[in-house]
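Comments concern the structure below.
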Amino acid sequence: MRVPVLAYHAINVSGNDYASNDHLAFAADLRLIDDLGLRIVPLQWVVEQVIGAADRDLAGCVALTCDDGSALDFFDIEYPQHGLQRSLYHCMLDFIAERGPAAQADLHLTSFVIASAQAREQMDADSLFGRGWMGDDWWHAAAASGLMAIENHSWDHNHPCLPSPGIDGMPRGSFLDVDNLARADAEIAAATRFINARIAPQRAKIFCYPFGHVAGYLRDEYFPRFMESHGMLAAMGDGATPVTRASNRWNLPRHICGWHWKSPEALREILEACR
319 MRVPVLAYHA INVSGNDYAS NDHLAFAADL RLIDDLGLRI VPLQWVVEQV IGAADRDLAG
379 CVALTCDDGS ALDFFDIEYP QHGLQRSLYH CMLDFIAERG PAAQADLHLT SFVIASAQAR
439 EQMDADSLFG RGWMGDDWWH AAAASGLMAI ENHSWDHNHP CLPSPGIDGM PRGSFLDVDN
499 LARADAEIAA ATRFINARIA PQRAKIFCYP FGHVAGYLRD EYFPRFMESH GMLAAMGDGA
559 TPVTRASNRW NLPRHICGWH WKSPEALREI LEACR
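Now the structure itself:
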């Protein structure tokens, strides 16, 4: 098994071409993946394979994720200066309408969302024009759609725009400072409970490290030892390598759009190398 996990950020809109707009990149990438004869599968299938909970044939497969949980994941939104943006969810529906449901029968996108409403409101005001684009009103519909999963991107991302200090006196701006049980429970277990209450009967099972910051305490102690508390099966980092059976379940790698690739040609190289 060598499954590339691709990551997008729907808030990345600084233009209207592939390199400057993750919506356009995502739509193009769906077609590229299909043209290459690869199969898109839910991230949970990849996780279950790594932890030995399932034994599927995942040869030639790709998993798709997106981070931060803005409304642009699910709703089409008029973006200042750049016009109407087709949501990632609707990009998938467009693909199905164009190529048919059988083309990618397991098409799926995992959205990692931030739990705290107060943190989301501040991030929206600080980074997204203050238009209410960080709400949680779409989570349940997305999780029930069959095309998306809602997963855990922490309580508040320990984002630098939030008041300091953070939880347990934690400095803002880095997730590497989540280095003890109190901070970890507040950032991860509390987020799990909040998200689960909004997407029931679905449940969050996968964590994604904010900023790609993989704290040693979380990877090596908190996640393995306190599973009953946090409820996670695995955690996603970056790493820019495919997920294999030998991957560390608490630091599964991803390739990030705009960082690890910026063009269809670069993504093609990544996907071909992961076969």
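Heads up: take any position in the sequence shown, counting from 1, add 318, and you land on the working numbering.
Quick reminder that beta carbons are idealized off the backbone N, C-alpha and C, glycines included.
{"Asked": "Apply the 10 Å Cβ neighbour rule to Gln436 and answer buried if 16 or more other Cβ atoms are within range, or exposed otherwise.", "Found": "exposed"}
{"Asked": "Which one of Ala508, Asp503, Asn569 and Tyr540 has the shortest CA to CA distance from His531?", "Found": "Asn569"}
{"Asked": "Hey, is the region 443 to 460 in contact with the region 489 to 507, meaning 3+ C-beta pairs nearer than 8 Å?", "Found": "no"}
{"Asked": "Among all the DSSP beta bridges, which residues are the ones paired with Arg572?", "Found": "Gly557"}
{"Asked": "Taking 8 Å as the threshold, find out whether the region 499 to 506 comes into contact with the region 345 to 356 through three or more Cβ pairs.", "Found": "no"}
{"Asked": "How should Trp267 be labelled, buried or exposed, when 16 other C-beta atoms within 10 angstroms of its C-beta is the threshold for buried?", "Found": "Any property of residue 267 remains undetermined from this structure, which presents the chain solely from 319 to 593."}
{"Asked": "Would you call the region 418 to 438 in contact with the region 368 to 378, where contact means no fewer than 3 C-beta pairs closer than 8 Å?", "Found": "no"}
{"Asked": "Please report how far the alpha carbon of Ala552 lies from the alpha carbon of Val368, in whole angstroms.", "Found": "9 Å"}
{"Asked": "Taking 7 Å as the limit between beta carbons, can you name the residues of its chain near Ala507, skipping five residues before and five after?", "Found": "Ser547 and His548"}
{"Asked": "In the DSSP output, what is Ala428 paired with across the bridge?", "Found": "One detail in the question is off: residue 428 reads as Thr in this sequence, not Ala. Per DSSP, Thr383 and Ala467."}
{"Asked": "In chain order, what residues of the same chain lie with their CB nearer than 6 Å to the CB of Ser332, ignoring the 5 residues before and after it?", "Found": "Ser338"}
{"Asked": "Just the C-alpha distance for Asn566 and Ile414, rounded to the nearest angstrom, thanks.", "Found": "33 Å"}
{"Asked": "Contact defined as beta carbons within less than 8 Å: I believe Asp391 pairs with His471. What is the distance between those atoms, to the nearest angstrom?", "Found": "With a Cβ gap of about 12 Å, Asp391 and His471 do not count as contacting."}
{"Asked": "How many whole angstroms separate the CB atoms of Phe398 and Leu589, which I take to be in contact at a CB cut-off of 8 Å?", "Found": "Looking at the sequence provided, one finds Pro at residue 398 rather than Phe. Rounded, the Cβ-Cβ distance is 33 Å, inconsistent with contact."}
{"Asked": "I need the straight-line Cα distance from Gln362 to Met545, nearest angstrom please.", "Found": "17 Å"}
{"Asked": "So which of Gly576, His341, Ala558 and Ala381 has the shortest CA-CA distance to Ile351?", "Found": "Ala381"}
{"Asked": "Give me whichever residues DSSP pairs with Ala552 in a beta bridge.", "Found": "Ile524"}
{"Asked": "What residue does the alpha helix (DSSP H) around Leu411 start on, and which one ends it?", "Found": "Leu406 to Arg417"}
{"Asked": "Evaluate Ala509 with the Cβ neighbour count: other Cβ atoms within 10 Å of its Cβ, from every protein chain shown; 16 or more gives buried, anything less gives exposed.", "Found": "buried"}
{"Asked": "Could you tell me the distance, in whole angstroms, from the CA atom of Gln440 to the CA atom of Cys479?", "Found": "7 Å"}
{"Asked": "Are the beta-carbon atoms of Ala389 and Gly453 separated by less than 8 Å?", "Found": "yes"}
{"Asked": "Look at the alpha carbon of Arg438 and the alpha carbon of Asp474, and state the distance between them as a whole number of angstroms.", "Found": "7 Å"}
{"Asked": "Since Leu465 and Met554 should fall inside the 8 Å C-beta cutoff, what is the C-beta to C-beta distance between them, to a whole number of angstroms?", "Found": "Not quite, the Cβ-Cβ distance comes to about 19 Å (not below 8 Å), so this is no contact."}
{"Asked": "Relative to the alpha-carbon of Ser535, which residue among Lys523, Ala522 and Asp503 has its alpha-carbon at the smallest distance?", "Found": "In the sequence on display, residue 535 carries Tyr and not Ser. Nearest C-alpha to Tyr535: Asp503."}
{"Asked": "Counting C-beta neighbours from all protein chains within 10 Å, is the total for Gly487 16 or more, i.e. buried, or is it exposed?", "Found": "exposed"}
{"Asked": "How is the beta strand (DSSP E) around Val532 delimited, first residue to last?", "Found": "Taken as a continuous stretch (DSSP letters only), Val532 belongs to no beta strand (DSSP E), as it is neither H nor E."}
{"Asked": "Between which two residues does the alpha helix (DSSP H) harbouring Ile351 extend?", "Found": "Asp340 to Asp353"}
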